[in-house]
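Working notes for the structure below.
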Amino acid sequence: MNLHKIMIIYRKEMLDLLRDRRTVITSFVLPVILYPLLMIGFSSMLSRQEHVLEKQEMTIYINNQVMDESSLLIEKELEKLETFQIMEPINLFEKANYLPLVEDNSIQALIEIRDSLSTNGYLVYITTVSYNRSDDKSTLAYEKITNALKNVEFDLVGERLQKIKINREILNAVDIKEENVAPPEKMVGFALGKFLPYLLIILTISGASVIASDLVAGEKERGTLETILVSAARRNELVVGKYLTIITISLLTVLLNLFSMYISFTYILSQAGEVATKLQLPLGNFALILVLMLPLITLFSAILLSISTYSRNIKEAQSYQMPLIFGSIMLSMVSFLPGFELNFGFALIPIVNFSLLIRDIMLSNYNIQYLFLIIGYTILLDIIVIAISIKLFNSESVLFRTAEEKSLKFWGKGKKDIFSTQFVMLVFFILLLGLFYIGGSWQSKDIMSGLIKSEIFIILLPVIFILRISKTNIKSTLRLNKTNPLNFLLALVAAIPALIVVAVLGQLINLVFPISESYVEGMKNLLTASDGGFWYSILVIGVLAGICEETLFRGYIINGFKKLGFWKSIIISGVLFGIFHLDPFRLIPASLLGMWMGYLLLQTNSIFVPMFAHFINNSLTIVITTYGDKIPVLKTLATADIIPYWYIFPAGLIVYLVYLVVEKINPKIEINEL
Amino acid sequence: MIEVKNLTKIFLQKNGEELFAVNDLSFIVQKGEIVVLLGVNGAGKTTCMRMLSTVLKPNSGTATVEGFDILKQSQQVRANLGYLSGDTGLYSRLTARETITYFGRLYDVDEPKIKSRILEMADLLDMHNFLDKKIDLLSTGMKQKVSIARSIVHDPPVMIFDEPTAGLDILTAKNIVNFIHNCKENGKCVLFSTHIMREAERIADRIVMIHEGKILAEGSWDDLRTATQLHDLDDIFIHFVNNSSREVNDESA
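So, in structure tokens, the structure goes:
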């Protein structure tokens, strides 16, 4: 790689981009003009509106059912309120007739005064204030009314105390005084720390995405890419030159945005007068965050460059960017969630790590080891992604992809191959959405009947329907084949060891991503507390889930990947099985079990073996949660907080032996016959 | 010099079938010679030239440019090659001069040399009055002249032009053809592709007719006229195309 060449490319790209009015406007002009306008405009509008609201006339209706001296005092106090108009009372008051008036904002509040005697014989004026919380004016009326009522109460209580000759002071038994020890900059840090990560991440990615899609996909679109590919510049020089361009523009965008925001922010604070002198932005932390933004910007730039290289034109690049942008925005919002603390596990999740770290830095409360870990880790990811970009840049199939609309053709074609990867993935995602939206609502009503309905209607029947309608031979597709009975015995032998392997691995994952207590409780409840008792659970979670889920995953979905080969089809269908559980904590354990089932299927060529293994696995879980503490072997699994880690070795060995025997006793199938 | 040896390129089509875009092609272009690749659209001209320019890799066979292997020494090949593909674009926000300068730097040409090259090519291609205009504002013909200039700014010994006159007016086309002639006279080795017979006749020292990825015939126009006993260029080409399909039929029969 020649630095001089890289700089030639970099300088040309910068010149080209800075001459592009669109880039200059969106990246540089907008932030400089937009934020001050938005922020200052918004804040002045806000204070203006509040003022206007304050001056607006309010109409209220008072229904006084007591009409004694004190209740009239209450009425009088309300009448005294400025801008309040009291509706003329009518003789026959029906509350139900008046509530709609409040609801449609014809009047702002309805006040009903009744009396009642407390147990000690004192009169209590029950004053009900009906108002419309969804209306600003009505809410303001409510606030004013409650303040007025508190004043009346103060007077009435004073009167009563005077009558029995007690000093008012007696009421001040506990005087609460608030003292906030957080220094002002920490308060600002606390407020900014929540939304700054989100803001920075959005700024970074939006700044980089426009440029990135233009730099390679745009060159393909305009036909200039080939000209530089045949030039004497090397591919990696081209990639790095373009990469530096994206980083520069993105960094400039972030800096300009922050600068403009900072100025607007201080302007607003200075407008607010006194507050500004007390509030100080933690500038040292800002500087650290800016340094930290570099690796994040480089990572985004690298990913966006890869996307751009892969895409045929700008439009395609932009549509590939969408999931990345949405995903990043969602992950960046982790800083808003209470209780999420940066730990080793989160430090390894891109974006989440920065979001939490920036928040901690704003609070001046960060772990320096995590800081270095995150920077190092992100740089590592950078290198990997840039290597991918260079690889893409060397791939003629990527650079010269013809502009065919795959997805459109796929939809338009009359006859579909139901085992094509695309179609299988489509079915998978539709069922996944069905499980989430429909199954979820069924299960929230009643967990067991919901599960039964989900298994049958969302998991089993769609597969049967697809196979039926495409006139596929169900018996051979699903592999409803006879098999060596020994296979079932082997699946049984492997069941407990497999469970242990998965449990220990799950435990290891727990170390990194701790599972909340409430979640564990919830899972336990699912597995034990069914109305029909133990056998009912076995029937639904064991038998039914075994049959339905195996039909979908090992009967149908695995076929979509068989052209990728034996192991790849097992791994992919296993991971999809893991995703299908819609639960990040069970993703890895369920994927591993899915792979084991996939192996059993392809090796024995009979779906009955994985169905049986699935049934045994699920049932074992129920047995352990229900009776585990009474059965010697399962006792550790059920009661111990932590299964000893060394268990994984004997358990793994047994699973491996079973794997070898299964391989041995079943005839080898050629991959084409799969 | 270009030496093409059994060059073959196979594309996988959507229906899974293989398409032999270039099928076992072999020919030589000498120093100081203009060879025209003549063929209809889709004959394999562009694919062949793209392999020579190292942006596509052949499935089998190879070629050398100035003695450098396109597979093993692609960097040297590119440094010795000026390649203009038919449908390439230019950076619309740069001026003509900036464009040519940028490519000159990419080819490691030093600054004074770039400046003198620009003036030299501007003389020959009549580019002086638009050198400092943005590409955006140029006509199709002007853009094509800039494209040619940027592709040979480094004064390479080997030049490949893929349909450089397609879609141009007569005056510009003639200017470009004259320019290419001039290059040849300066000892360059030129490979030129077109589907326009008259242009091929005017410019070519030798012609390589290709059809469906294969060579139909090779030689000067006089050779081809003698061989076919035909005079009209179109007729000669059609004669060879018919001949080849007859051969295929004979083979299958």
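Chains as they are written, first to last, in this note's numbering: chain U, 42 to 715; chain R, 751 to 1003. A virtual CB, placed ideally from N, CA and C, is assigned to each residue, including glycine. Computed from a predicted model, the values in this text were never measured in an experiment.
Identity of the residue in the options nearest residue i by Cα
i, options, result
"T645 (chain U)", "U:A328, U:F327 and U:F607", "U:F607"
"L546 (chain U)", "U:I424, U:A182 and U:L628", "U:L628"
"G481 (chain U)", "U:F498, U:L164 and U:V271", "U:F498"
"F367 (chain U)", "U:I242, U:I582, U:R209 and U:K178", "U:I242"
"L530 (chain U)", "U:L617, U:P503, U:V702 and U:T168", "U:V702"
"H904 (chain R)", "R:S842, R:T978, R:A771 and R:S866", "R:S866"
"L122 (chain U)", "U:V143, U:Q106, U:A532 and U:Q97", "U:Q97"
"S189 (chain U)", "U:N173, U:E120 and U:S490", "Note that residue 189 (chain U) corresponds to Ala in the displayed sequence, not to Ser. Among U:N173, U:E120 and U:S490, the Cα nearest to that of A189 (chain U) belongs to U:E120."
"D423 (chain U)", "U:L285, U:T187 and U:A535", "U:L285"
"R847 (chain R)", "R:Q763, R:N830, R:N925 and R:M871", "R:M871"
"E153 (chain U)", "U:S112, U:E184 and U:F506", "U:S112"
"I50 (chain U)", "U:L296, U:L279 and U:I338", "U:L279"
"Y166 (chain U)", "U:E116, U:R62, U:L202 and U:A328", "U:E116"
"Y351 (chain U)", "U:L266, U:I330, U:L389 and U:S396", "U:L266"
Identified DSSP bridge partners for residue i
i, result
"S157 (chain U)", "U:V165"
"E968 (chain R)", "R:V958"
"S943 (chain R)", "R:L787 and R:D912"
"D876 (chain R)", "Paired residue(s): none; D876 (chain R) is not in a bridge."
"L59 (chain U)", "Beta-bridge pairing links L59 (chain U) to no other residue."
"T845 (chain R)", "R:K884"
Span separating the alpha-carbon of residue i from that of residue j
i, j, result
"D984 (chain R)", "I930 (chain R)", "23 Å"
"K450 (chain U)", "Q463 (chain U)", "Because the pLDDT of K450 (chain U) is 41, which lies under 50, any placement of that residue in the model is unreliable, and the number read from its coordinates should be weighed accordingly. Whole-angstrom Cα-Cα distance: 12 Å."
"E219 (chain U)", "N213 (chain U)", "16 Å"
"L633 (chain U)", "S254 (chain U)", "37 Å"
"Y139 (chain U)", "I127 (chain U)", "14 Å"
"I459 (chain U)", "G325 (chain U)", "59 Å"
"K454 (chain U)", "S461 (chain U)", "For K454 (chain U), the pLDDT reaches just 44, beneath the cut-off of 50, and the residue's location in the model is therefore unreliable, although a value from the coordinates is still provided. About 13 Å."
"E226 (chain U)", "S405 (chain U)", "10 Å"
"F911 (chain R)", "M751 (chain R)", "15 Å"
"K53 (chain U)", "S824 (chain R)", "24 Å"
"L44 (chain U)", "S901 (chain R)", "23 Å"
"F621 (chain U)", "G380 (chain U)", "27 Å"
"S448 (chain U)", "E382 (chain U)", "With a pLDDT of 39 at S448 (chain U), under the threshold of 50, the modelled position of that residue is not reliable, and the figure given next carries that caveat. So the alpha carbons of these two residues sit roughly 42 Å apart."
"E194 (chain U)", "I101 (chain U)", "20 Å"
"I957 (chain R)", "T944 (chain R)", "11 Å"
"M489 (chain U)", "L508 (chain U)", "28 Å"
"Y163 (chain U)", "V93 (chain U)", "42 Å"
Chain U contact residues for residue i, given Cβ-Cβ distances below 9 Å
i, result
"L844 (chain R)", "K53, L56, D57 and R60"
Residue i - containing beta strand (DSSP E), residue span
i, result
"Y1078 (chain R)", "Outside the displayed range of chain R (751 to 1003) lies residue 1078 (chain R), so it cannot be described from this structure."
"V754 (chain R)", "I752 to L762"
"M99 (chain U)", "M99 to N105"
"T812 (chain R)", "S810 to V815"
"F777 (chain R)", "E768 to V779"
"Q126 (chain U)", "F125 to I127"
Partners in chain R for residue i, counting only beta-carbon separations shorter than 9 Å
i, result
"L270 (chain U)", "S803, T804, V805 and R828"
"K46 (chain U)", "R855, L856 and D858"
"I49 (chain U)", "Y852, R855 and L856"
Residues that residue i contacts on chain U, provided the C-beta gap is smaller than 8 Å
i, result
"L787 (chain R)", "The contacting residues do not exist; L787 (chain R) stays about 17 Å from chain U at best."
"T838 (chain R)", "G264, T265, E267 and T268"
Element boundaries [alpha helix (DSSP H), containing residue i]
i, result
"F621 (chain U)", "F607 to F621"
"Q362 (chain U)", "I355 to S373"
"T890 (chain R)", "T890 to S901"
"I205 (chain U)", "Premise fails: I205 (chain U) is in no alpha helix (DSSP H) and is neither H nor E."
"W637 (chain U)", "L628 to T645"
"W576 (chain U)", "F575 to S578"
"T483 (chain U)", "Checking the sequence, you will find Trp at residue 483 (chain U) rather than Thr. Its alpha helix (DSSP H) spans residues G481 to K486."
"S517 (chain U)", "I515 to T518"
"A253 (chain U)", "P225 to L256"
"D837 (chain R)", "Run containing D837 (chain R): none; DSSP gives neither H nor E here."
"D670 (chain U)", "Premise fails: D670 (chain U) is in no alpha helix (DSSP H) and is neither H nor E."
Contacts of residue i in chain R (Cβ-Cβ under 8 Å)
i, result
"A273 (chain U)", "Q825, R828, A829, L856, Y857, D858 and H904"
"E437 (chain U)", "V805, L806 and K807"
Contacts that residue i makes with chain U (C-beta to C-beta distance below 7 Å)
i, result
"S835 (chain R)", "E267"
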